[in-house]
C-alpha cells in the first residue's frame with residue numbers, strides 16, 4: 148500500500164475515525180485530526196490536533212487557516228449538503244482527494260438491489276439543508292450529490308451498512324450482547340428484512356485504502372453475507388454460549404432492534 152504525504156481526518160477520534168487514523172499512521176502518513184475536542188485524542192503527538200466546530204463555517208475556516216494542503220481529506224462527520232458547501236469553499240484549493248463516509252441508507256426506497264449504480268449522485272438534484280430537516284438518508288444522498296456535482300477535487304463516497312464494534316457510542320451492538328449475556332428478552336418482530344454489516348476495524352481499513360490508493364467514485368463496503376436481526380442475535384448466543392430469549396412482540400422500550408433492522412421490518416410488513 149503506498150503512503151500519502153498528508154491526511155486530514157474530520158472526526159478522527161470517533162468510532163470509525165480512530166481506526167482510520169491508526170491505519171494512516173501505519174502507512175507513515177502525516178495526519179491531522181479535526182474534532183470537537185469532546186473525545187480525548189488517543190494518538191498524542193503522533194498527529195496534529197485541531198479543535199473546531201464542524202458545523203460552523205467560520206470555525207472551520209479559522210482553525211484550518213494555518214494548514215495549506217492535504218493529499219487526502221477524510222470526512223467522518225458530514226451529514227447533509229449544508230455540511231458540505233463550506234468545505235468546498237474553504238478547501239477548494241487545499242486538497243486533492245476527498246473521501247466522504249456515506250451510508251447504505253442512500254439506497255432507501257430503491258426497489259433494486261444495493262449496488263453502487265442503484266444511486267448515482269451525479270444525476271440527482273441536491274437538496275439544501277442538513278440532517279435536522281432532511282433526515283439521515285436524504286441528508287447523505289444530497290451530500291453525495293453536492294460533492295460529486297460541485298467539488299473541484301476528486302471525490303469518493305464510502306457507503307457502509309450497520310457498523311459493528313465493541314465501543315460504538317450508540318450501543319447498538321452492545322445492547323444485543325448484554326441482553327443475551329444477562330438472559331434478558333430481545334424483541335424481534337417476525338418477517339424482519341435482512342441487511343449487511345461491517346466490523347469497525349474493516350471500515351477503518353477500507354477508508355484508508357480508498358485514500359491511499361486514490362480510488363474515486365462510489366463504493367459499497369459490507370459483509371458478503373446478509374443477516375436479519377434474529378440471525379444476528381442467534382450468532383451472538385453461539386459465540387458466548389448462551390441461548391437468546393427472543394420475543395416477537397413486547398413493550399416499545401424493550402425493542403432492541405437496530406435502527407435499520409426496524410426499517411426493514413416495517414417495509415416487509417407493509
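Numbering (this note's numbering), first residue to last: 148 to 417.
For every residue, glycine included, the Cβ atom is placed at its ideal position computed from N, Cα and C.
As the structure is a computational prediction, the values presented were derived from the model and not from experiment.
Assigned with DSSP and collapsed to three states, residue 390 falls in coil, not helix or strand. In the DSSP assignment, residue 179 falls within the unbroken beta strand (DSSP E) covering 177-182.
With respect to the C-alpha of residue 196, the residue from 380, 342, 226 and 165 having the closest C-alpha is 165. No residue range can be given for residue 298, since it is assigned to no alpha helix (DSSP H) and is classified by DSSP as neither H nor E. Residue burial annotation: residue 187 is exposed, with fewer than 16 other C-beta atoms found within 10 angstroms of its C-beta. If you draw a straight line from the Cα of residue 217 to the Cα of residue 208, it comes to about 15 angstroms. For residue 306, the secondary structure class from DSSP, reduced to helix, strand or coil, is strand. Put simply, the backbone Cα of residue 316 is about 15 angstroms away from that of residue 348. Here residue 163 is near residue 350, since their CB atoms are less than 8 angstroms apart. The C-alpha of residue 233 is placed about 15 angstroms away from the C-alpha of residue 296.
Residue pairing by DSSP places residue 221 opposite 156 and 246 in a beta bridge.
Across the structure, residue 230 and residue 290 are spaced so that their CA atoms are roughly 8 angstroms apart.
Looking at 294, 156 and 255, the one whose alpha-carbon comes closest to that of residue 363 is 294. Contact between residue 308 and residue 345 holds, since their C-beta atoms are separated by about 6 angstroms, short of 8 angstroms. By the 16-neighbour rule on beta-carbons within 10 angstroms, residue 292 is buried. Across the structure, residue 385 and residue 250 are spaced so that their CA atoms are roughly 29 angstroms apart. Spanning the alpha carbons of residue 269 and residue 365 requires a straight line of approximately 11 angstroms.
Of the candidates 383, 261 and 288, 288 places its Cα closest to the Cα of residue 273.
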